[in-house]
Amino acid sequence: MKTISILGATGSIGTQALDVIAQNREQFKIGSISVGSNIKKLEEILEQFEPKLVSVKDDSDRLVLAQKYPHIEFTSGARGLIEVVSDDSDMVLTAIMGSIGLEPTLHAIEQGKDIALANKETLVAAGEIVMSKAKAKGVAIIPVDSEHSAVFQCLRGENLREVKKIILTASGGSFRDLSRSELSDVSLEDALNHPNWSMGQKITIDSATMMNKGLEVIEAKWLFDVDINQISTILHKESTIHSMVEFIDNSIMAQIGTPDMRTAIQFAFSHPRRMPMNNPMDFSALSQLNFKPMDLDRFRMLAYAYEAMEAGGTMPAVMNAANEYAVGRFLDGEISFTGIEEIVKSRMDGHAVVENPDLETILYYDKLYKTDMR
Ligand code: NDP
Ligand code: MG
C-alpha cells in the first residue's frame, strides 16, 4: 500500500489522480492534500476520501471548514503546502499550477519522498537545484507529463549514452491551423478550447502559445540529463504518439496510447510495476497519424525556451515567471493573445542573467517578474 499526498487535488491532474486512487484502493491510499480556492470540489473530495491534513489557500476558508469538519485537520497558505508534504506519505504528486510548487517540492525531496511530477514550472525555474537535491537524497522524480512519461517508459532498461535524440510530440494547441497574422484577434474562449486534452486553464493557454512545449523541452533536459540540443519537437495533431526516443543506431522507440492523463498518473504511482487500466486504444479507429515539422517562427515561444536555456542561470526562471504573469493577464481579459508573447519577450530581453543562482535568487526573480513592472 502506497500513501500518496497531492498538491493541487482540485485541479485537472489532481482529480484524475484521485480517480486513479479510487479505482485502486488496495494499492494506493490518500495522504494529505492541498487545494486552492475551489471549496465545492474539496467538499466532494471529502465525501469520498479521508485525507490526513487539508491545506487551503485562504485562511478564511480554513476557519469555516474547521468548524464544519471537526474531525479533519486543516491548514492554509504557503506554510500549509509545506505541512502537506511533511506528513508520513511515501510519495507526493505535484499537481499544483506554477512555480509556487517549487518550495514544497524541494521540501518533499528533503523529507526523502518520491515525487510524481506534474508541476513542470518547478523544473523550469530551478531544474538544477531540484535534480541535484533529489540525487543527494536518493529520491525518484517520476514524470506525469504525458510526453515525459512516454520518454521515461522508452528509456527503461536503456543506456542514456546511447540516446541520440528525444523527440517530444506537440498537438499544436487551439490555434495550430492559424497563421501568425490570424492570431491577433483570437478570443479567450477559443484559446481555452484545446482540440485533444481537457486540462487546467493555464496549461491550455500554454499549449496554444506553444510555451507548453518550451517548458517541456526544459523539463526533459533536467529529467533525462541530456543536452538541450538533443531534444527536438514535432507537430503530431492526433496526440497518439506521446513522445519518442531515437538511439544511436537510429532505432526509434515510441509510446502510444489513448490521450488520457490517468495512464501517466497511474504509471508514476505504480512504477516500476504496471497496473491494468480501462482505456484501451482502438487501432482500427485510427485512420492516420500526421506529422509536421515545428516552425519556430510561427511558434516563437518555443524558440524563447531554447534561448532561455542557452542564456542559462536565472533566465529560464524569468521566462517562466513572465509567462505565468502574462497568461494570468490574458485569462483576466486584460491583454490580447499575442500580448502574452510580447510580455515574455520583453521581460527576457530586459533581464541580466545571474549565473549559478541559489534558491533565494531564483525565488526573488520569480516574484519580481510576476509583478506588473510597469
Ligand atoms: P489546474 O488549474 O486544473 O489545477 C491547479 C491546482 O492547483 C488546483 O488544485 C488549484 O486549486 C491549485 N492552485 C492553483 N494556484 C494555487 C495557489 N496559489 N495556492 C494553492 N493552490 C493553488 O491545473 P492542471 O491540473 O491542469 O495542471 C497542474 C500542473 O500539472 C501544471 O503545472 C501543469 O503544467 C501540469 N500538467 C497538467 C496536465 C493536464 O493534463 N492538466 C498535463 C501535464 C502537466 P483550486 O482549483 O482549488 O483553486
Ligand atoms: Mg505535456
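Residue numbers are given in full-length UniProt numbering: position 368 of the sequence shown equals residue 368, and the series is strictly consecutive. Glycine included, C-beta positions come from ideal geometry on N, C-alpha and C.
9 Å Cβ cutoff, N250 in contact with chain B: Within the model displayed, chain B is absent; a lone protein chain is all it includes.
Given a cut-off of 9 Å, decide if A118 and residue 378 are closer than it, judged by their beta-carbon atoms. Not covered by the structure: residue 378. The range shown for the chain is 1 to 374.
Near the ligand NDP: D59 beta-carbon under 8 Å from a heavy atom: no
Pick out whichever of F74, L63, E147 has its Cα sitting closest to the Cα of M253. E147
Tell me whether the segment 293–307 and the segment 209–223 touch, counting them as touching only if at least three CB pairs, one residue from each stretch, are closer than 8 Å. yes
With a threshold of 8 Å, establish whether the CB of V217 neighbours any heavy atom of the ligand NDP. no
For G214, which of helix, strand or coil comes out of DSSP? helix
Which residues share a DSSP beta bridge with L117? T94, P143
Taking T361 as the reference, give the member of G101, A317, D185, T10 with the closest Cα. A317
Let me know if D61 comes out buried or exposed under the rule of 16 or more other beta-carbons within 10 Å of its beta-carbon. buried
Just the C-alpha distance for L331 and M244, rounded to the nearest angstrom, thanks. 32 Å
Could you give the C-beta distance for S5 and I33, rounded to a whole number, given that I count them as a contact under 8 Å? 7 Å
Please check the pair F224 and L155, which I expect to be a contact at CB under 8 Å, by giving their CB distance rounded to whole angstroms. 7 Å
Measuring straight from C-alpha to C-alpha, what distance separates L106 and V130? 6 Å
Counting only the same chain and skipping the five closest in sequence on each side, list residues whose C-beta sits under 6 Å from that of I39. D61
Could you give the distance in angstroms between the alpha-carbon of I218 and the alpha-carbon of K345? 17 Å
Roughly how many angstroms separate the alpha carbons of D19 and N279, rounded to a whole number? 13 Å
Any heavy atom of the ligand NDP closer than 8 Å to the beta-carbon of A125? no
From what residue to what residue does the beta strand (DSSP E) around F74 run? 73–76
What first and last residue would you give for the alpha helix (DSSP H) that runs through G339? 337–349
Could you give the distance in angstroms between the alpha-carbon of V151 and the alpha-carbon of Q255? 8 Å
What first and last residue would you give for the beta strand (DSSP E) that runs through S232? 231–235
Do N38 and the ligand NAP come close, with the Cβ less than 8 Å from some heavy atom? In the structure on display, the ligand NAP does not appear, and the ligands it does have are the ligand NDP and the ligand MG.
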